[in-house]
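One structure below.
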Amino acid sequence: MSDTAEAQSNYLLQTAGFDARFPNTNQTKRCFQNYVDYNRCINAKGEDFAPCKQFLKAYHSLCPNAWIEKFDEQKENGTFPASFEP
Amino acid sequence: MNINLNRSQFQAHPYHLVDPSPWPISMSFALLIMAISAVMYMQGFPFGGYLLNLGTILVATGMSLWFRDVVVESTYLGHHTEQVKRGITLGIALFIVSELMAFVSIFWAYFHSSLTPAIEIGGTWPPLGINTLDPLAIPLLNTILLLSSGAFITFAHHALIKGNRRSAILGSILTIIFAVLFTALQYYEYAEAGFTIADSIFGTVFYCSTGLHGFHVIVGTLFIGVQFYRLLQHHITKSHHIGMEGAIAYWHFVDVVWLFLYAFVYLWASSGLL
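So the sequences go chain by chain: W and F.
So for the first sequence, my numbering puts the first residue at 135; every next one is plus one.
So for the second sequence, my numbering puts the first residue at 40; every next one is plus one.
Here you go:
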């Protein structure tokens, strides 16, 4: 990692952390739950409500991108298997 | 001078060494045809359906002819000594245990799918969009029908042991009537349910478990029916009726499996209660 001025970025690098609700190595449910919670959050509070971003960051970190694309496609088609009602 | 022939005069043991029979080998071929044709049918191979029908007919015929021979050997030829009775009773018990293991495998699939529901079905059980059957409607009635039929067949058995032919016949008839009613109601439920076997893992485990059970109900009803017919034909005595006892044991097993089905597949999984 070079120490030039351009390399000093404004990005805050952090992981999704530990969530005691999902203690095991298989984090599939956690990815799914965060996707669902993000969508329920923006349904309830609107897309600009800042705390909803926590869920967005979590699922973008945890979920494989292919899954996110599939979830988004299901959401558009109305075939997502969970309800987004808050 | 004793002119009566006694078994001990020509056989120094209480067992039945059966005469050569074509049914075991015939049954093994029939079962092989049935198994392979079932796979052919399910995988869409040509003539799978026809061969499956053939296989099923061969198995049913083989069973009928084999059991017919057992009736001849016991009722008409007198080969079933007390020791033979014990052996057959143990055999029937072990057979029921093997059937139990088949249900264990289906219940395993059910609990695997329902206790940690996959995200593909929304992480909930029942899955979103599945309209489960009301457990307090026809399924409850079916529970009562099966429990009552179990009581009727036990009543018939006790009457048989006491030598009360009329009550044994009456109890058997009531058992069969309630069994047929159960089957008819299940058929109605299957026709009117809001989901099919293809509707996610829920549909699969629901119809596989209740379907396997329903098949056993039909087999059990036939078993009792045959024994009822033999009762009418005076094949049966109050102290020698292991076929009837086998049918009764099988029927109670079918009843217990239903109770587990009702508790875990109907009640626990219904949309209203979870």
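For each residue, glycine too, the CB sits at the ideal point set by N, CA and C.
- Secondary structure of W:N160 (DSSP, three-state): coil.
- Pairwise C-beta distances place the stretch 289-303 of chain F out of contact with the stretch 223-242 of chain F, as fewer than three of them are shorter than 8 Å.
- Shortest Cα-Cα distance from F:S187 to any of F:F221, F:N170, F:V78 involves F:F221.
- Here DSSP, grouped into helix, strand and coil, assigns F:T260 to helix.
- Residue range 121-154 is occupied by the alpha helix (DSSP H) that includes F:M140.
- For the stretch 138-170 of chain W, residues whose beta-carbon sits nearer than 7 Å to a beta-carbon of chain F comprise T162, K163, F166.
- Straight-line spacing of the CA atoms in F:M73 and F:H252 works out to 20 Å.
- Chain F has a Cβ within less than 8 Å of the Cβ of W:S217.
- For W:N199, the enclosing alpha helix (DSSP H) has its first and last residue at 199-211.
- By the Cβ criterion, the stretch 119-130 of chain F is in contact with the stretch 44-61 of chain F, since at least three pairs of Cβ atoms, one from each stretch, lie closer than 8 Å.
- For F:L167, the C-beta contacts it makes with chain W under 7 Å involve P215, A216, S217, in order along the chain.
- By the Cβ criterion, the stretch 86-104 of chain F is not in contact with the stretch 244-261 of chain F, since fewer than three pairs of Cβ atoms, one from each stretch, lie closer than 8 Å.
- Residues of the same chain with a CB within less than 6 Å of the CB of F:F241, apart from the 5 flanking positions on each side, are P165, P166, I169 in chain order.
- Under the 10 Å beta carbon count, F:W147 is surrounded by fewer than 16 other beta carbons and is classified as exposed.
- Within chain W, the residues placing a beta-carbon under 7 Å from that of F:I160 are P215, ordered along the chain.
- The continuous alpha helix (DSSP H) containing W:K187 extends over residues 187-196.
- Secondary structure at F:L209: helix, using DSSP grouped into helix, strand and coil.
- According to the DSSP assignment, F:T235 belongs to no alpha helix (DSSP H), since it is labelled neither H nor E.
- Beyond the five residues adjoining it in sequence on each side, F:G282 comes within less than 6 Å, by CB distance, of Q266 in the same chain, given in chain order.
- Taking 8 Å as the upper bound for CB-CB distance, F:P174 and F:S309 are in contact here, some 5 Å apart.
- One alpha carbon belongs to F:Y115, the other to F:R205, and they sit about 24 Å apart.
- Within its own chain, the residues whose Cβ lies closer than 6 Å to the Cβ of F:F142, once the five positions on either side in sequence are excluded, are V296, listed in chain order.
- Looking at F:I212, F:G285, F:L179, F:Y89, the one whose alpha-carbon comes closest to that of F:F191 is F:I212.
- Here F:V78 is exposed. Its C-beta has fewer than 16 other C-beta atoms within 10 Å.
- The Cβ atoms of F:F217 and F:L184 lie closer than 8 Å to each other.
- The beta-carbon distance between F:I263 and F:T214, rounded to whole angstroms, is 6 Å. This is short enough to meet the 8 Å contact definition.
- Non-local C-beta neighbours of F:I145 in its own chain, meaning closer than 8 Å and more than five positions away in sequence, comprise V244, C247, S248, L251, ordered along the chain.
- Around the beta-carbon of F:Q272, fewer than 16 other beta-carbon atoms lie within 10 Å, marking it exposed.
- Cβ-Cβ distances below 7 Å link W:N168 to F189, A192, Y193, L196 in the same chain, with the five nearest sequence neighbours on each side left out; the list follows chain order.
- Non-local C-beta neighbours of F:G94 in its own chain, meaning closer than 6 Å and more than five positions away in sequence, comprise I72, M73, S76, ordered along the chain.
- Collapsing the DSSP output to three states places F:Y289 in a helix.
- Shortest Cα-Cα distance from F:I160 to any of W:K163, W:T159, W:A184, W:D153 involves W:K163.
- By the Cβ-count criterion, F:L133 is exposed, with fewer than 16 other Cβ atoms from all chains shown falling within 10 Å of its own Cβ.
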